[in-house]
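Numbering-wise, the sequence shown is residues 1 to 958 according to UniProt numbering.
Here a beta-carbon is modelled for each residue, glycine too, at the ideal position from N, C-alpha and C.
Working notes, structure below.
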Amino acid sequence: MSKPVLAVVGHGMVSHHFLEQLVARALHQRYHIVVYGEERLPAYDRVHLSSWFDGKSAADLSLVGEDFFAAHGIELRSDCRVVAIDRQQRSLRDSRGDELAWDRLVLATGSRPFVPPIPGHDDPRCFVYRTLDDLDAIAACARRSRRGVVIGGGLLGLEAANALRQLGLETHVVEFAPRLMAVQLDEGGAQMLRRKIDALGVQVHTAKQTETLVREADDSLTLRFADGETLNVDMVLFSVGIRPRDELARAAGLTLGPRGGIAINDLCQTSDEAVFAIGECALWNGQIFGLVAPGYQMARALAGHLAGEASLFTGADMSTRLKLLGVEVASFGDAHGRTPGSQSYYWTDEPKGIYKKIVVCGEGKTLLGGVLVGDSADYSTLLQMMLNQMALPAAPESLILPAPTGTPSRAPGVAALPDSAQVCSCHSVSKGDICAAVQAGCGDMAAIKQCTRAATGCGGCSALVKQVMEHQLATLGVEVKKDICEHFAWSRQELYHLMRVGELKSWEALLAAHGRGHGCEVCKPLAASLLASCWNDYLLKPAHLPLQETNDRYFANIQKDGSYSVVPRVPGGEITPQGLIAIGEVAARYDLYTKITGGQRIDLFGARLDQLPAIWEALLAAGFETGHAYGKSLRTVKSCVGSSWCRYGVQDSTAFAIALEHRYKGLRAPHKIKMAVSGCARECAEAQSKDIGAIATEKGWNLYVCGNGGMKPRHADLFASDLDDATLIRYVDRILMFYVRTADRLQRTSVWMDNLDGGLDYLRQVVIEDSLGIAATLEAEMQRVVESYQCEWQTTLADPSRRALFTPAVNGEGADEALRYDRVRDQRQPATPARIALRELPAEPWSALCDLTAVPPQAGIGARLGSERIALFRFGDDLYALEDREPGSEVSVLSRGILGDVAGEPVVISPLYKQRVRLRDGQSLDNPQHQLRCWPVKLEAGRIWVASRPLNLMAQAS
1 MSKPVLAVVG HGMVSHHFLE QLVARALHQR YHIVVYGEER LPAYDRVHLS SWFDGKSAAD
61 LSLVGEDFFA AHGIELRSDC RVVAIDRQQR SLRDSRGDEL AWDRLVLATG SRPFVPPIPG
121 HDDPRCFVYR TLDDLDAIAA CARRSRRGVV IGGGLLGLEA ANALRQLGLE THVVEFAPRL
181 MAVQLDEGGA QMLRRKIDAL GVQVHTAKQT ETLVREADDS LTLRFADGET LNVDMVLFSV
241 GIRPRDELAR AAGLTLGPRG GIAINDLCQT SDEAVFAIGE CALWNGQIFG LVAPGYQMAR
301 ALAGHLAGEA SLFTGADMST RLKLLGVEVA SFGDAHGRTP GSQSYYWTDE PKGIYKKIVV
361 CGEGKTLLGG VLVGDSADYS TLLQMMLNQM ALPAAPESLI LPAPTGTPSR APGVAALPDS
421 AQVCSCHSVS KGDICAAVQA GCGDMAAIKQ CTRAATGCGG CSALVKQVME HQLATLGVEV
481 KKDICEHFAW SRQELYHLMR VGELKSWEAL LAAHGRGHGC EVCKPLAASL LASCWNDYLL
541 KPAHLPLQET NDRYFANIQK DGSYSVVPRV PGGEITPQGL IAIGEVAARY DLYTKITGGQ
601 RIDLFGARLD QLPAIWEALL AAGFETGHAY GKSLRTVKSC VGSSWCRYGV QDSTAFAIAL
661 EHRYKGLRAP HKIKMAVSGC ARECAEAQSK DIGAIATEKG WNLYVCGNGG MKPRHADLFA
721 SDLDDATLIR YVDRILMFYV RTADRLQRTS VWMDNLDGGL DYLRQVVIED SLGIAATLEA
781 EMQRVVESYQ CEWQTTLADP SRRALFTPAV NGEGADEALR YDRVRDQRQP ATPARIALRE
841 LPAEPWSALC DLTAVPPQAG IGARLGSERI ALFRFGDDLY ALEDREPGSE VSVLSRGILG
901 DVAGEPVVIS PLYKQRVRLR DGQSLDNPQH QLRCWPVKLE AGRIWVASRP LNLMAQAS
């Protein structure tokens, strides 16, 4: 018996959420579901559409999980438009000429941008801001343009303006209303927003009615306004509202609203009981919802109805929280105070660009709405107070006035929220849902997101979700700690200050004063980083060497085959022909794979451990120095050619980038740092996606901070404008040292700033206004780093004892032979006791391998035992010998791992995949199937002796 057909017309965000809700209720097993998508791509995230200009790909924005349609038997017909619906025959016809008979039909056709029918609106340089294809066309036109204008100053209009600005265009915004975002903001909020946008160089024109668009002889476009003024530009973006896509419904005879939109009831049912509508095409109680969250609520209500649940759509909250052109903006509830008898409270801080307003009922007992511009940190709390009608404090204005330093917040905490409070509106996740997930074992944000999907939509609820999670953990008696590991009951920031105040300059001193045990793969590299940040010692001092991960121990990046990559520093991307030749000769001599990196350097892959010193001898002789590509430190300062060559450049970006790279190249930090300098607003160096970015202006430099292009890309924020060289460097000194002092372990600058109480504004207070009184100290600390810089390879090659560490086998005659052995081992069968016994082993039962002094204290080194590659380790007074390979692979690298302990048990942490391996028997603590062979070891007269047969084999033989 065939299943009834459920046809879904449209495959956008709301449509795909509907499909996910059907699958969650197993309705894909009850219906044969056919989905029509008009675009060539499956559903993608339109909320974060602007991130396309930050480098995100279609795959990054896609909402469709891998094999979603095949796994659930849903048929997707992409790039296929439905052209007609026959309600009597219960059929539809698509643009390919195919027909489909349906039993139930869902219209999720969305909306289209409205383009006012002014003369000239159809010029090929006029665009809308709706799809990825639109964005591709905008970017192509921007490459041959200098000035752009957005007609429309609402939410999407300001998003579009930011896109033009990112593309390097002189940007204008034209708004018909007397203020920006007239629907969401009151007069005070709109004025503050305009002031902040003006400061960014975006020119705003309000109360302007565009009458015509005229194409000039030079191919530019002139906007003529009703007041007689004009504006000359090269391209135009229209963003003046949306219109519901209801043409199919109209032709099919469904009931529409007077101004369009498919009329639906609380079941999302149209005037035909077999036809439904959801999203921006649907009209409920005379209202079109232009946000994604109400569309998601419709999708859930309809899926519930089809599953037989008592599920209704009863309207949606239209509150919004956004970052427009880098400015925080939030609006919720009755933001304009239109409720009879309501009262409003205002607070404005003009120097900081902050405007806050709340609207309360006449009795002053409940919150009705509000506006926040410049600082939206209180949005989640205020929204929950409004939605849950929570009692206000005796002085409601205290909710928006700044609290005196050291006093607790006057807003109720998450404990006061009822379990029914909706924390995530995108996915309808309540406080109770999050608490239940915590009770079921979810103890961090990643688990909460996976379990509940909270904070995976627009992301605006992330902070509140985290607060609820931590409150529930505390309620269950689970202490929310920031201990870095079992060996240190401190956070990274606390350890940094303990090290500074106590002038602790070694691992032993730090462990004795504030730790326990022997350390691990977490605290040892962290201590190494802190020691380098505080005192900038040479990393391979005998006291520091055991703390270093393989990359920092050998000053190169380990690759999956156990070889290393070499990246010499190329400051600002500037290199001489002789330098290029030298790199090429090294690559040819050692047969290295070469690649140009995204940071304007050359990466040489495939170097063996023993080759690294010789390679660096050649590079140092050619004038290069270490590029720190292996460290949590400054990687690169990318630059364009600036005013030296480019006709648009207004500052010498290359020279300034070189100066910045040389200044900060010795800084060790919680995470890697990347910088860029662009010589003009066209932004060829992509400075706005870096931790520190500088963009040239006619008056100096605009400084951008805390962006990154990693796994979670974040656009940098404008920190200060029109700075001279000295001021910018002074600010960067302070920012980076404050980051080093206060960031968590392995925390990028973007996350660090987001987690600062007060965010960007607080960082400005600390750095520019010196609110903590530490600016001079931060500058002095940075100056000490600059003055104590050393090229780690230069220091290493000058010390024979350090150079001797770069050997795969401490007692080997030739590294080439050892490496060939590693490579052919992949062809062997897995070793069995019988095969081991037949191998060629030393004739004597014990073999002397090397002097004790050849093995670094608290570390390991490779050695050879007949044809075997083994790893020798010194752990305190004890010696151990294990197979020198990464568990689960045949790569000989275990000797390069970090030694530590797990609950007192001595272990080595493998360098490639961080598996913890017991030293006494070779057993992996992370994978029971992985056990390495181990050998008895003894020390006689200062020489290390290793037994001929592994302990594992002896045990089996007995």
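Q. Which of helix, strand or coil does DSSP assign to Arg259?
A. The count along the sequence shown starts at 1 and reaches residue 259 at position 259. Note: Arg259 maps to coil in three-state DSSP.
Q | Supposed close pair Tyr687, Ala681 - CB separation, criterion 8 Å | A | Residue 687 sits at position 687 when you count from the first residue of the sequence shown. Residue 681 sits at position 681 when you count from the first residue of the sequence shown. Checking the sequence shown, residue 687 turns out to be Ala, not Tyr. Not really, about 10 Å apart at Cβ, beyond 8 Å.
Q. Along the chain, where does the alpha helix (DSSP H) that runs through Tyr664 open and close?
A. Mapped onto the sequence shown, residue 664 falls at position 664. 653-664 is the extent of the alpha helix (DSSP H) around Tyr664.
Q: Please list the segments of the beta strand (DSSP E) lying wholly inside the region 22-80, counting only runs of 3 or more residues, in order along the chain.
A: 32-37, 75-78
Q | Pairwise C-alpha distance: Asp419 and Lys672 | A | Along the sequence shown, one-based indexing puts residue 672 at 672. Along the sequence shown, one-based indexing puts residue 419 at 419. Approximately 41 Å, taken between the alpha carbons.
(Q) Suppose you measure from the CA of His48 to the CA of Arg321; what does that come to, to the nearest Å? (A) The sequence position of residue 48 within the sequence shown is 48, counting from 1. The sequence position of residue 321 within the sequence shown is 321, counting from 1. In a straight line, the C-alpha of His48 is about 13 Å away from that of Arg321.
(Q) Quick check on DSSP: helix, strand or coil for His514? (A) Sequence index remark: in the sequence shown, residue 514 carries index 514 (1-based). Helix at His514.
Q: Would you check if there are 3 or more beta carbon pairs closer than 8 Å linking the region 546-566 to the region 620-638?
A: yes
Q) Hey, is the region 152-167 in contact with the region 300-309, meaning 3+ C-beta pairs nearer than 8 Å? A) no
Q.
Classify Arg885: buried if its beta carbon has 16 or more other beta carbons within 10 angstroms, exposed otherwise.
A. Numbered from its first residue, the sequence shown carries residue 885 at position 885. It counts as buried.
Q: Could you tell me if Thr832 is buried or exposed, where buried requires 16 or more neighbouring beta carbons within 10 angstroms of its beta carbon?
A: Taking the first residue of the sequence shown as position 1, residue 832 is located at position 832. With a pLDDT of 31 at Thr832, under the threshold of 50, the modelled position of that residue is not reliable, and the figure given next carries that caveat. Exposed: under 16 other Cβ atoms inside 10 Å.
Q. CB of Ala509 to nearest heavy atom of the ligand NAD: below 7 Å?
A. This structure lacks the ligand NAD, and indeed carries no ligand of any kind.
**Q.** Proximity winner among Arg87, Val83, Trp102, relative to Ser95 (alpha-carbon distances)
**A.** Here residue 95 refers to the residue found at position 95 when the sequence shown is read from its first residue. It is Val83 whose Cα lies nearest to the Cα of Ser95.
Q) Mapping DSSP to helix, strand and coil, what is Ala818? A) Counting from 1 along the sequence shown, the entry for residue 818 is found at position 818. Any reading at Ala818 must be qualified, since the residue scores a pLDDT of 36, below 50, and its modelled position is unreliable; the value itself is stated next. Ala818: helix per DSSP, three-state reduction.
**Q.** Segment contact, 8 Å Cβ cut-off, at least three pairs: the region 771-781 with the region 575-593
**A.** no
Q) Ends of the alpha helix (DSSP H) at Gly295? A) Mapped onto the sequence shown, residue 295 falls at position 295. Element bounds for Gly295: 292-306.
Q: Could you tell me which residues DSSP pairs with Gly900 in its beta bridges?
A: If you number the sequence shown from 1, residue 900 lands on position 900. Its beta-bridge partners are Val907.
Q | From Ser910, Gly152, Met499, Thr697, residue whose alpha carbon lies closest to that of Val740 | A | One-based indexing of the sequence shown puts residue 740 at position 740. It is Met499.
Q) Could you give the residue range of the beta strand (DSSP E) that holds Asp878? A) Reading the sequence shown from its first residue, position 878 is the one you call residue 878. Where Asp878 is concerned, the enclosing beta strand (DSSP E) stretches over 878-883.
Q. Can you tell me whether DSSP reads Ala621 as helix, strand or coil?
A. Position 621 of the sequence shown, counting from 1, holds the residue named residue 621. Note: Ala621 maps to helix in three-state DSSP.
Q: Pull up the DSSP beta-bridge partners for Arg112, would you.
A: Here residue 112 corresponds to residue number 112 of the sequence shown, with the count starting at 1. Arg112 is bridged to Arg243.
Q | Collapsed DSSP secondary structure at Ala277 in the structure displayed | A | Counting from 1 along the sequence shown, the entry for residue 277 is found at position 277. The answer is strand: DSSP assigns Ala277 an E or B state.
Q) Between Ile774 and Gly369, what straight-line distance do the alpha-carbon atoms span, to the nearest angstrom? A) As a working mapping, residue 774 is identified with position 774 in the sequence shown. As a working mapping, residue 369 is identified with position 369 in the sequence shown. Looking at the two C-alpha atoms, the distance is approximately 39 Å.
(Q) Does the structure place the region 537-549 close enough to the region 846-855 that three or more beta carbon pairs sit under 8 Å? (A) no
Q: In angstroms with no decimal places, state the Cα-to-Cα distance between Ala676 and Lys690.
A: Locating residue 676 in the sequence shown gives position 676, where the first residue counts as 1. Locating residue 690 in the sequence shown gives position 690, where the first residue counts as 1. Distance between the alpha carbons of Ala676 and Lys690 is about 7 Å.
Q | Exposure label - Leu939; buried when at least 16 CB within 10 Å | A | Start at 1 with the first residue of the sequence shown, and residue 939 comes out as number 939. Classification of Leu939: exposed, given that the 10 Å Cβ count is below 16.
(Q) Using a 10 Å radius around the Cβ and a threshold of 16 neighbouring Cβ atoms, would you call Ser280 buried or exposed? (A) Sequence index remark: in the sequence shown, residue 280 carries index 280 (1-based). The residue you asked about is not Ser; residue 280 is Glu in the sequence shown. Glu280 is buried by the Cβ-count criterion.
Q) For Leu604 versus Thr594, is the C-beta spacing smaller than 8 Å? A) Residue 604 sits at position 604 when you count from the first residue of the sequence shown. Residue 594 sits at position 594 when you count from the first residue of the sequence shown. Yes, the Cβ-Cβ distance between Leu604 and Thr594 is below 8 Å.
**Q.** Option nearest His518 by Cα separation, candidates Val902, Ser643, Val360, Trp616
**A.** For the purposes of this step, residue 518 is identified with residue 518 of the sequence shown, where counting begins at 1. Among Val902, Ser643, Val360, Trp616, the Cα nearest to that of His518 is on Val902.
Q. Does the Cβ-Cβ distance between Arg492 and Leu531 come in under 8 Å?
A. Here residue 492 refers to the residue found at position 492 when the sequence shown is read from its first residue. Here residue 531 refers to the residue found at position 531 when the sequence shown is read from its first residue. Contact: no.
Q. What span of residues does the beta strand (DSSP E) with Arg635 cover, start to end?
A. Numbered from 1 along the sequence shown, position 635 holds the residue referred to as residue 635. 634-639 is the extent of the beta strand (DSSP E) around Arg635.
Q: Take Arg949 as the anchor and find which of Val204, Gly866, Val891, Gly900 has the nearest alpha-carbon.
A: Counted from its first residue, the sequence shown places residue 949 at position 949. Comparing Cα positions, the closest option is Gly866.
**Q.** Buried or exposed (CB count within 10 angstroms, at least 16 for buried), residue 967
**A.** Not covered by the structure: residue 967. The range shown for the chain is 1 to 958.
(Q) Using only the alpha-carbon positions, how far apart do Leu545 and Ser633 sit? (A) Against the sequence shown, residue 545 aligns to sequence position 545. Against the sequence shown, residue 633 aligns to sequence position 633. Going by the C-alpha atoms only, they are around 18 Å apart.
Q: Counting only the same chain and skipping the five closest in sequence on each side, list residues whose C-beta sits under 7 Å from that of Ala263.
A: Numbered from 1 along the sequence shown, position 263 holds the residue referred to as residue 263. Result list for Ala263: Thr255, Leu256, Gly257, Thr270, Ser271, Leu283, in chain order.
(Q) Within 8 Å, do at least three Cβ pairs link the region 928-946 to the region 895-911? (A) no
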